[in-house]
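What the sequence shown shows, in numbering that gives the first Met the number 0, is residues 0 to 685, in sequence order.
Below is one structure; the comments refer to it alone.
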Amino acid sequence: MITKEFLNPKSIVVVGGSNDLHKPGGKVIKNLKDTRYPGDIYIVNPKADTIQELTSYHTVEEIPGAEVAILAIPAALCLHAVETLCSTKGTKGVIIFSAGFSEESHEGAVLEKKIRDVADKHGATLIGPNCVGYMNEHYAGVFTSPIPRFVPDSIDLISGSGATALFIIDAAVQLGIPFANVFSVGNSAQTGLEEALEYLDQSYVHGKSAPVKLIYAETIKNPLKLWKHAASLYRKGARIAAVKAGSSEAGSRAASSHTGALASPDTAVAALFEKAGIIRCNGRNQLLTVACILLKGAPAGKNMCIITHAGGPAVMLTDVLSENGIAVPTLEEGKRKKLLAKLFAGSSAANPIDFLATGTAGQLGEIIEFVENECPEFDGMAVIFGSPGLNSVFDVYDLIHQKMSECTKPIYPIFPSTLNVLEEIREFQKKGRLYFPDEVIFGSALAKVLNTPVPVPDNIALPAIDEQAVHRLVDKAGEGYLSPAQVSDLLDAAGIPRAQEAVAHNEEELGAAAARVGFPLVMKVIGPVHKSDVGGVRLNIRDEHALREAFREMITIKDTTAILLQSQLTGRELFIGAKREPSFGHTVVCGLGGIFVEVLKDISTGLSPVSPAEAGRMVRNLRGYGLIRGVRGQEGVNEDLFIHAICRVSALCRCAPEIAEMDLNPLLGTARGVVVVDARIRIERS
Numbered sequence: 000m001i002t003k004e005f006l007n008p009k010s011i012v013v014v015g016g017s018n019d020l021h022k023p024g025g026k027v028i029k030n031l032k033d034t035r036y037p038g039d040i041y042i043v044n045p046k047a048d049t050i051q052e053l054t055s056y057h058t059v060e061e062i063p064g065a066e067v068a069i070l071a072i073p074a075a076l077c078l079h080a081v082e083t084l085c086s087t088k089g090t091k092g093v094i095i096f097s098a099g100f101s102e103e104s105h106e107g108a109v110l111e112k113k114i115r116d117v118a119d120k121h122g123a124t125l126i127g128p129n130c131v132g133y134m135n136e137h138y139a140g141v142f143t144s145p146i147p148r149f150v151p152d153s154i155d156l157i158s159g160s161g162a163t164a165l166f167i168i169d170a171a172v173q174l175g176i177p178f179a180n181v182f183s184v185g186n187s188a189q190t191g192l193e194e195a196l197e198y199l200d201q202s203y204v205h206g207k208s209a210p211v212k213l214i215y216a217e218t219i220k221n222p223l224k225l226w227k228h229a230a231s232l233y234r235k236g237a238r239i240a241a242v243k244a245g246s247s248e249a250g251s252r253a254a255s256s257h258t259g260a261l262a263s264p265d266t267a268v269a270a271l272f273e274k275a276g277i278i279r280c281n282g283r284n285q286l287l288t289v290a291c292i293l294l295k296g297a298p299a300g301k302n303m304c305i306i307t308h309a310g311g312p313a314v315m316l317t318d319v320l321s322e323n324g325i326a327v328p329t330l331e332e333g334k335r336k337k338l339l340a341k342l343f344a345g346s347s348a349a350n351p352i353d354f355l356a357t358g359t360a361g362q363l364g365e366i367i368e369f370v371e372n373e374c375p376e377f378d379g380m381a382v383i384f385g386s387p388g389l390n391s392v393f394d395v396y397d398l399i400h401q402k403m404s405e406c407t408k409p410i411y412p413i414f415p416s417t418l419n420v421l422e423e424i425r426e427f428q429k430k431g432r433l434y435f436p437d438e439v440i441f442g443s444a445l446a447k448v449l450n451t452p453v454p455v456p457d458n459i460a461l462p463a464i465d466e467q468a469v470h471r472l473v474d475k476a477g478e479g480y481l482s483p484a485q486v487s488d489l490l491d492a493a494g495i496p497r498a499q500e501a502v503a504h505n506e507e508e509l510g511a512a513a514a515r516v517g518f519p520l521v522m523k524v525i526g527p528v529h530k531s532d533v534g535g536v537r538l539n540i541r542d543e544h545a546l547r548e549a550f551r552e553m554i555t556i557k558d559t560t561a562i563l564l565q566s567q568l569t570g571r572e573l574f575i576g577a578k579r580e581p582s583f584g585h586t587v588v589c590g591l592g593g594i595f596v597e598v599l600k601d602i603s604t605g606l607s608p609v610s611p612a613e614a615g616r617m618v619r620n621l622r623g624y625g626l627i628r629g630v631r632g633q634e635g636v637n638e639d640l641f642i643h644a645i646c647r648v649s650a651l652c653r654c655a656p657e658i659a660e661m662d663l664n665p666l667l668g669t670a671r672g673v674v675v676v677d678a679r680i681r682i683e684r685s
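Below, the structure is given as structure tokens:
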């Protein structure tokens, strides 16, 4: 809930205002004055009559009114101030700098909720507490510096960390990057990153609103809401890039299944971002580099031309692009000869196109025009130009500026020099241009942009399963691991193919069980969770004698209650699993079975519900995907059936949220079928 008064207030009160510019209550007043806030500024400080040449009131009750209140007072005093301002002074926006709330204690959390309840009751926007504030072109409601340049159709920033927001803005100002809105949400008592993104989605007008949204998050409270609004923004023409910090595998340390050990909270975040079309970045520098690429416009495809006067940076850029699936194709011989005729001897037109340290601005212009007009195979140009400081290069940067306006292919200027061309860069920035100081960071950021899939629609159709049977089976089951019979019934209800099987509790039941399954067969202990660890699996049992001998040995294994008999099948070992993550729902993982999941941990992850397109991408992203397709004359796996099984696991999890962990390991896949051979499902209702 973002009110119009919060976005463009006619009056602001700073409660806890100060003459000390080293205090939040002092610095925010200075920021408001320095940025020429046009509305009325009121100050509340019980110990002063004037603050920074403005009248200071002793209590909030004394001020005439204020549409936005900024609080820089002890936590214990905030509730009274918010109640008074919202109920009697027309306040529709509250920013609380103060700490001492839910981040510190239970008592602080209770106080925080009371303040939120007051804001909700009066229809006011609440930012914080424990934040650095909010700013846009209308006012700088923050106590930090620097204050960036504001341009409505540039970048919106939402940060869960005030310090990180500051550091992002600091770096952005140096690069000449403007902003439209900056939200520091702090504890997110009412307005968190999801609510801020919701507002940015609902108010978005392409061509007028900021087309780039940047997020720094340490917690995600409502993943489905984030997905919904991120996907909506993408469809409207905006792009989102994010850093998610604070990932931890602590939650998986005590996991009892392969899926539990492989799926960490961070894999759920990665799956969410992929589902939502959010470009996941590794840090602040990459985040801002992605933002600059998006502001310029991403290439339409993955073929890049590199133009340089220095070989080393071009080689490094080529490496990072190639390693991430971005092509740097060589020009055909005829085009190379035609281009080289325009350059000094010793130049290279292979791609990278190297016109040497002695190359001129005119030659650079010839190269750019040649690529633009005669090389339709290229989707964009990266132009690397630094300077050893021997001559000024204003003419080169002026030319790049001109060509960026004229060319239909996007041009990305990479300026490795700083001190030697400081004035030239400043002039370039004055023209409204952005540049990239590091070729490797640029290359990795471009790869992130081009390799992030489009968001998944939020109306995913999952395969039909017998939901009544699933609910009946789960409702009757106790907590913990299901019995083999219960697992079989649940897989049948979900339409997931499984091997023929039977259970023998004693030797008298063995003959009938084997007759139902047929030889050759596999025997597995029931009871121990990890069967192979206790020697509880026997393969290729072909006759009655081997059957009974194996049974007598296996039934004595510790914790064994019965023996499961299954058809002996062959095929490529596959793996599908699911794990329920708090707030996120189920992550679904897939991979090759055996050593690939046990040792190499070659898995792909999706966030349920998983669409067929997502499941297909998960399968193709596996490092061992070639084995699924079939190599060196070996039969491949029916990829469509594998994908269908992944989607059915997702449908089962959506129908039965009580499933905490599920392992289908292995499934055996051939060109004709994909069949579950072993499965574990754990129910947890809390």
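The beta-carbon is built from N, C-alpha and C at its ideal position, and this holds for glycine as well.
Note that the coordinates shown come from a computational prediction; the quantities given were computed from them, not determined experimentally.
Indicate the three-state DSSP secondary structure (helix, strand or coil) for residue i in the structure shown.
i: Gly379; result: strand
i: His228; result: helix
i: Leu389; result: coil
i: Leu433; result: coil
i: Phe142; result: coil
i: Ser101; result: coil
i: Ala267; result: helix
i: Ala644; result: helix
i: Ile325; result: coil
i: Gly92; result: strand
i: Gly311; result: helix
i: Glu60; result: helix
i: Arg686; result: Residue numbering for the chain in the displayed model covers 0 to 685; residue 686 lies beyond these limits and cannot be assessed.
i: Thr560; result: coil
i: Gln565; result: strand
i: Pro37; result: coil
i: Ile594; result: helix
i: Leu621; result: coil
I'd like the span of the alpha helix (DSSP H) that includes residue i, first residue to last.
i: Cys291; result: 283-295
i: Arg471; result: 466-475
i: Asn30; result: 23-33
i: Gln173; result: 161-174
i: Thr83; result: 74-87
i: Lys46; result: No alpha helix (DSSP H) holds Lys46; DSSP gives it neither H nor E.
For residue i versus residue j, is the C-beta spacing smaller than 8 angstroms?
i: Ala98; j: Ala74; result: yes
i: Ile682; j: Ala468; result: no
i: Pro483; j: Leu563; result: yes
i: Val27; j: Gly185; result: no
i: Glu111; j: Phe100; result: yes
i: Ile157; j: Arg283; result: no
i: Val588; j: Ser649; result: no
i: Thr604; j: Ala269; result: yes
i: Val382; j: Ile424; result: no
i: Phe5; j: Val67; result: yes
i: Asp318; j: Ala360; result: no
i: Lys88; j: Thr124; result: no
i: Val630; j: Gly668; result: no
In this structure, what does DSSP give as the bridge partners for residue i?
i: Thr586; result: Lys578, Leu606
i: Met0; result: Its beta-bridge partners do not exist; DSSP assigns none.
i: Pro178; result: Correcting the residue identity first, residue 178 is Phe in this sequence and not Pro. According to DSSP, Phe178 bridges with Phe149.
i: Glu331; result: Note: Glu331 sits in no beta bridge, so no partner.
i: Asp155; result: Asn180, Lys212
i: Ala68; result: Val12, Val93
i: Asp353; result: Thr307, Ser347
i: Pro415; result: Bridge partners of Pro415: none, in fact.
Just to confirm, does residue i get its C-beta within under 7 angstroms of one of the non-hydrogen atoms of the ligand ATP?
i: Gly590; result: Of ligands this structure carries none, so the ligand ATP is not represented either.
Can you tell me where the beta strand (DSSP E) with residue i in it begins and where it stops?
i: Met303; result: 303-307
i: Lys212; result: 211-216
i: Lys243; result: 238-243
i: Glu660; result: 658-668
i: Ile540; result: 536-540
i: Val521; result: 520-525
i: Gly132; result: 132-135
i: Leu125; result: 124-126
Self-check item: Sequence ranges, alpha helix (DSSP H) only - wholly within the stretch 439-510, length at least 4
Solution: 466-475, 483-493
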